[in-house]
Amino acid sequence: MARYDRAITVFSPDGHLFQVEYALEAVRKGNAAVGVRGTDTIVLGVEKKSTVKLQDSRSVRKIVNLDDHIALACAGLKADARVLINKARIECQSHRLTVEDPVTVEYITRYIAGLQQKYTQSGGVRPFGLSTLIVGFDPYTGIPALYQTDPSGTFSAWKANATGRNSNSMREFLEKNYKETSGQETIKLAIRALLEVVESGGKNIEVAVMTKEGLRQLEEAEIDAVVAEIEAEKAAAEAAKKGPAKET
Amino acid sequence: MSIFEYNGSALVAMVGKNCFAIASDRRLGVQLQTIATDFQRIFKIHDKLFLGLSGLGSDAQTLHQRLVFRHKLYQLREERDMKPETFASLVSAILYEKRFGPYFCQPVIAGLGEDDKPFICTMDSIGAKELAKDFVVAGTASESLYGACESMFKPDMDHEELFETVSQALLSSVDRDCLSGWGGHVYVVTPTEVTERILKGRMD
Chain R
705 MARYDRAITV FSPDGHLFQV EYALEAVRKG NAAVGVRGTD TIVLGVEKKS
755 TVKLQDSRSV RKIVNLDDHI ALACAGLKAD ARVLINKARI ECQSHRLTVE
805 DPVTVEYITR YIAGLQQKYT QSGGVRPFGL STLIVGFDPY TGIPALYQTD
855 PSGTFSAWKA NATGRNSNSM REFLEKNYKE TSGQETIKLA IRALLEVVES
905 GGKNIEVAVM TKEGLRQLEE AEIDAVVAEI EAEKAAAEAA KKGPAKET
Chain P
4 MSIFEYNGSA LVAMVGKNCF AIASDRRLGV QLQTIATDFQ RIFKIHDKLF
54 LGLSGLGSDA QTLHQRLVFR HKLYQLREER DMKPETFASL VSAILYEKRF
104 GPYFCQPVIA GLGEDDKPFI CTMDSIGAKE LAKDFVVAGT ASESLYGACE
154 SMFKPDMDHE ELFETVSQAL LSSVDRDCLS GWGGHVYVVT PTEVTERILK
204 GRMD
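Heads up: the sequence lines are chains R and P, in that order.
Using the working numbering, you'd call the opening residue of the first sequence number 705 and step up by one each time.
Using the working numbering, you'd call the opening residue of the second sequence number 4 and step up by one each time.
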């Protein structure tokens, strides 16, 4: 008799959960996503694979709202993302209904991570193939927060992080160049990190900015402007390096 | 004594020219005793949609919280506000879910729909919708309200005349009902602004 107690995620002899590790592989093949925490803004950026000509790109939203003050970006299986996001949105509202308070970023991250973990220890299901970057402001203290979860169900807070394709290069870049920023500087830092691994141009990047007022998706023109600024700065830095060398 | 008459309430919504008004009384009582004179019966769901709930105060508050929950989820998923007609269907469905143990409330829904066309409706406590083109009433003072609105209503009033008409209809009707009164709370909504006013009537 078919009963759903057949676990798919079981330990290997050397203590690995292969299904979880394979899920992480799926994440590594997903779109690059980066999150940077500033003092008054938190920026999420996601790589947009070059759009298929006939597709309406506005219908593919990679950065979504979980509540008025919380947003999420993810890398990995987008279909799994839909399910997880739906459950998280319901939990945000349910929390508001039962305790009459909005969720904190940590609470909803713990919930999502808990959900991801449940699917590594249940019968008949496979883990979610995605890692998420969750950003938001604490509704009481106004402190910005950036959290990351992964298919195993672990989560932690970050000042800046990246996931998906080439996340290691992006993280290295962020480790070298991170400093406390605010407003436009935070946006620039996030886009600079993304540009390390993505073709430059507003149509290959989707950027959203979370402030105390809420989430704002940047228009392509705005992103292009920042990209142009960054390239100009890079060119100026290159010229400055070559300049003094010539003079001597 | 009917459970619908436990707290006392009066609600009216009226349609004007590209605008609507929704008004309620402010009394919350426990049968004959008055407990509060600033009870909120009308709730904003979004800028162009208001919900009034008459009947048992506790059920009114609980129902409102559940509807906010559902509307927030709709907003997050659809990335837009709910149309008034859709919201009315949602309220009707939620009320009918409790067919054999209902919420003791009579909702009044008023909003601006497509092209800012005013929409009003009311329903009974198990979700039977009643659409109207002119006005809808609910609460313990509903019989007086029907009479007052029928005689004072004119089609296509502008928002100032509408405010006067709704206020007069409300105040005169609650004066005939011992369970509602202690002033009035009127919202007049046009496509560009929402005006909230408190009325001072017979404070009893």
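All C-beta atoms, glycine included, are put in the ideal place defined by N, C-alpha and C.
Using a Cβ-Cβ distance cut-off of 8 Å, determine whether residue i contacts chain P.
i, result
"LEU801 (chain R)", "yes"
"ASN870 (chain R)", "no"
"ARG793 (chain R)", "yes"
"ASN881 (chain R)", "no"
"ASN769 (chain R)", "yes"
"MET705 (chain R)", "A caution first: MET705 (chain R) carries a pLDDT of 46, below 50, which makes its placement in the model unreliable, though a value can still be read off. No, no contact with chain P."
Exposed or buried, residue i, counting other C-beta atoms within 10 Å across all chains shown (16 or more means buried)?
i, result
"MET705 (chain R)", "With a pLDDT of 46 at MET705 (chain R), under the threshold of 50, the modelled position of that residue is not reliable, and no figure is offered here."
"PHE715 (chain R)", "exposed"
"ALA939 (chain R)", "exposed"
"LEU2 (chain P)", "Outside the shown range of chain P (4 to 207) lies residue 2 (chain P), about which nothing can therefore be said."
"THR713 (chain R)", "buried"
"THR195 (chain P)", "exposed"
"PHE122 (chain P)", "buried"
"GLY19 (chain P)", "buried"
"THR743 (chain R)", "exposed"
"SER61 (chain P)", "exposed"
"ALA885 (chain R)", "The identity of residue 885 (chain R) in the sequence shown is Thr, whereas the question assumes Ala. So THR885 (chain R) ends up on the buried side."
Applying a beta-carbon distance threshold of less than 8 Å, which residues of chain R neighbour residue i?
i, result
"PHE72 (chain P)", "GLN797, SER798, ARG800 and LEU801"
I'd like to know whether the C-beta of residue i is nearer than 8 Å to at least one C-beta of chain R.
i, result
"LYS75 (chain P)", "yes"
"LEU79 (chain P)", "yes"
"GLN68 (chain P)", "yes"
"ALA13 (chain P)", "no"
"MET155 (chain P)", "no"
"GLU199 (chain P)", "no"
Please list the terminal residues of the continuous alpha helix (DSSP H) segment that includes residue i.
i, result
"GLN888 (chain R)", "888 to 899"
"LEU76 (chain P)", "60 to 81"
"HIS49 (chain P)", "Premise fails: HIS49 (chain P) lies in the beta strand (DSSP E), 45 to 49, not in any alpha helix (DSSP H)."
Whose Cβ in chain P lies nearer than 9 Å to the Cβ of residue i?
i, result
"ASN735 (chain R)", "Going along chain P, no residue has its Cβ under 9 Å from ASN735 (chain R), so there is no contact; the nearest lies around 21 Å."
Determine, using beta carbons only, whether residue i and residue j come nearer to each other than 8 Å.
i, j, result
"LEU233 (chain P)", "LYS51 (chain P)", "Here chain P has residues from 4 to 207 only, and residue 233 (chain P) is not among them."
"ALA144 (chain P)", "SER170 (chain P)", "no"
"ILE746 (chain R)", "GLN921 (chain R)", "no"
"SER57 (chain P)", "CYS108 (chain P)", "yes"
"THR836 (chain R)", "ILE816 (chain R)", "yes"
"ASP28 (chain P)", "ALA13 (chain P)", "yes"
"PRO831 (chain R)", "ALA737 (chain R)", "no"
"CYS778 (chain R)", "LEU834 (chain R)", "yes"
"LYS929 (chain R)", "VAL839 (chain R)", "The sequence shown places Ala at residue 929 (chain R), not Lys. Cβ atoms of ALA929 (chain R) and VAL839 (chain R): not closer than 8 Å."
"LEU148 (chain P)", "SER176 (chain P)", "yes"
"ILE129 (chain P)", "PHE90 (chain P)", "no"
"VAL911 (chain R)", "ALA894 (chain R)", "yes"
"LEU70 (chain P)", "LEU54 (chain P)", "yes"
"GLY187 (chain P)", "THR40 (chain P)", "no"
"PHE23 (chain P)", "VAL197 (chain P)", "no"
"VAL731 (chain R)", "THR867 (chain R)", "yes"
"LYS863 (chain R)", "LEU819 (chain R)", "no"
Since residue i is in the beta strand (DSSP E), which residue starts that stretch and which ends it?
i, result
"ARG102 (chain P)", "It is not in any beta strand (DSSP E) - ARG102 (chain P) carries neither H nor E in the DSSP assignment."
"SER860 (chain R)", "859 to 861"
"VAL839 (chain R)", "834 to 841"
"ASP771 (chain R)", "767 to 771"
"MET85 (chain P)", "Unbroken run through MET85 (chain P): none, as it is neither H nor E."
"ILE112 (chain P)", "108 to 115"
"CYS124 (chain P)", "121 to 126"
"ASP28 (chain P)", "23 to 28"
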